[in-house]
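Engineer: Quick one: this structure, given as structure tokens, is what I'll be asking you about.
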Amino acid sequence: MSSAADQELDATGLKCPMPVLRARRALKPLAVGARLLVRADDPASAKDFPAFCETTGHVLEDVAEVEGEFRFLIRKA
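In short: position in the sequence shown from 1, add 12, done, that's our numbering.
Laid out in structure tokens, this is it:
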């Protein structure tokens with residue numbers, strides 16, 4: 013996964029829907045085109061983040077799972 017994120021969000025330890033809600037809040041002040049890297053360990057995140065990006069128009073550029081931790085790279089639309 014590319015590490016060229018403008019901001020990172022550690023949502024490990026949080027359960028659905030908190031990782032997505034925190035990501036939504038973190039994306040608000042970012043400029044269009046900025047990238048947010050979210051780390052989460054809630055298994056529901058694997059479905060929640062693609063749905064969140066599809067609904068909001070943000071681009072899910074990359075998804076990776078490393079030792080039970082999901083990493084989502086989101087580009088703000």
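Idealized CB from N, CA, C, for every residue including glycine.
1) Alpha carbon to alpha carbon, how far is glutamate 73 from alanine 56? Give it in angstroms, no decimals.
2) For glycine 80 and cysteine 28, I'd like the C-alpha separation in whole angstroms.
3) Could you please give me the residues that DSSP links to arginine 87 through a beta bridge?
4) Which residue marks the beginning of the alpha helix (DSSP H) containing leucine 33, and which one marks its end?
5) Less than 9 Å between the C-beta atoms of leucine 42 and leucine 85, yes or no?
Structural biologist: On the basis of the data shown:
1) Take the alpha-carbon of alanine 56 and the one of glutamate 73: they are about 19 Å apart.
2) Approximately 16 Å between the Cα atoms of the pair.
3) According to DSSP, which records beta bridges pairwise, arginine 87 is partnered with Arg47, Val71.
4) First-last of the alpha helix (DSSP H) with leucine 33: 30 to 39.
5) Cβ atoms of leucine 42 and leucine 85: not closer than 9 Å.
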